[in-house]
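So the structure is just underneath, and the comments pick up after that.
Residue numbers (full-length UniProt numbering): 1 to 200.
This is how it looks when you write it as structure tokens:
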């Protein structure tokens with residue numbers, strides 16, 4: 001059975017030290033979401049100074065093992081299982097997309113379809129942005145980094161969401177904080193939902 005994609009985000013409580021617990025919890029979350037996508041999977045955790053990730057083509061139990069997950073030590077992370085709706089089934093399109101920028105690190109896991117992805121990508125490429133994939137998720141990432149240079153995370157996310165035409169859900173990591181975002185239709189700003197799930 002093929003559906004769309006599955007996204008997950010996990011944060012350790014503030015009083016817990018960084019550990020590989022985030023990676024293992026994401027593994028089980030993605031395993032439970034495996035029916036949503038069987039083409040590829042990825043996990044990113046952040047240890048407070050840099051992102052650590054594993055991505056691969058195939059099913060969750062085939063991509064990860066105890067040793068690889070054990071090396072992903074962090075306080076927060078996001079994960080993804082993919083069924084391609086935009087972009088080919090190849091490792092370059094595997095999520096979450098991780099972008100480092102002047103203000104830190106962004107990682108995005110996305111489920112849904114953007115009707116205006118090509119138009120937005122053309123605008124970004126005309127500004128000199130370089131893409132490594134043909135996934136619309138990377139478009140969201142570049143738009144977000146552009147806003148984060150000027151604004152706070154929630155304002156930046158909402159600005160980007162207003163530019164996206166389609167229905168989707170996002171789990172976004174920004175500098176130790178995870179945000180969950182939904183847009184059911186693109187008809188009204190009231191349909192936007194962005195929640196700060198906490199973090200450091």
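Just so you know, even glycine gets a beta-carbon here, dropped at the ideal spot from N, CA and C.
Just so you know, these numbers come straight off a predicted model, no measurement behind them.
Separation of residue j from residue i, as counted between CA atoms
i: residue 15; j: residue 75; result: 10 Å
i: residue 128; j: residue 56; result: 28 Å
i: residue 30; j: residue 53; result: 14 Å
i: residue 79; j: residue 88; result: 19 Å
i: residue 1; j: residue 34; result: Residue placement at residue 1 is flagged as unreliable, the pLDDT there being 45, under the threshold of 50; the coordinate-derived value follows with that caveat. Approximately 10 Å between the Cα atoms of the pair.
i: residue 91; j: residue 41; result: 9 Å
i: residue 125; j: residue 118; result: 10 Å
i: residue 45; j: residue 120; result: 28 Å
i: residue 152; j: residue 50; result: 20 Å
i: residue 161; j: residue 167; result: 10 Å
i: residue 214; j: residue 67; result: Residue 214 lies beyond the range of the chain shown here (1 to 200); nothing can be said about it.
i: residue 95; j: residue 159; result: 22 Å
i: residue 13; j: residue 71; result: 20 Å
i: residue 154; j: residue 179; result: 8 Å
i: residue 61; j: residue 32; result: 11 Å
i: residue 190; j: residue 116; result: For residue 190, the predicted structure reports a pLDDT of 48, less than 50, and the residue's modelled location is therefore unreliable. A value from the coordinates is still provided. Cα-Cα distance, rounded: 20 Å.
i: residue 28; j: residue 136; result: 26 Å
i: residue 131; j: residue 20; result: 30 Å
CB of residue i within 8 Å of CB of residue j, strictly
i: residue 177; j: residue 8; result: no
i: residue 10; j: residue 26; result: yes
i: residue 69; j: residue 23; result: yes
i: residue 93; j: residue 122; result: no
i: residue 181; j: residue 81; result: no
i: residue 149; j: residue 104; result: no
i: residue 65; j: residue 18; result: no
Whole-angstrom C-beta distance between residue j and residue i, which should lie under 8 Å
i: residue 156; j: residue 112; result: With 8 Å as the limit, residue 156 and residue 112 do not qualify as a contact, their Cβ atoms being about 19 Å apart.
i: residue 43; j: residue 77; result: 6 Å
i: residue 97; j: residue 147; result: Actually they are not in contact, since the Cβ atoms of residue 97 and residue 147 sit about 16 Å apart, beyond 8 Å.
i: residue 106; j: residue 174; result: 5 Å
i: residue 141; j: residue 83; result: Residue 141 to residue 83, Cβ: 19 Å. No contact.
i: residue 145; j: residue 101; result: 5 Å
i: residue 99; j: residue 165; result: That pair is no contact at about 22 Å.
i: residue 163; j: residue 143; result: 6 Å
### Query
Along the chain, which unbroken stretches of the alpha helix (DSSP H) at least 4 residues long are found entirely within the segment 102-133?
Taken in chain order, the complete alpha helix (DSSP H) segments of 4 residues or longer contained in the segment 102-133 are 117-126.
List in chain order: all unbroken alpha helix (DSSP H) runs of 4+ residues lying wholly within the segment 13-51.
21-32
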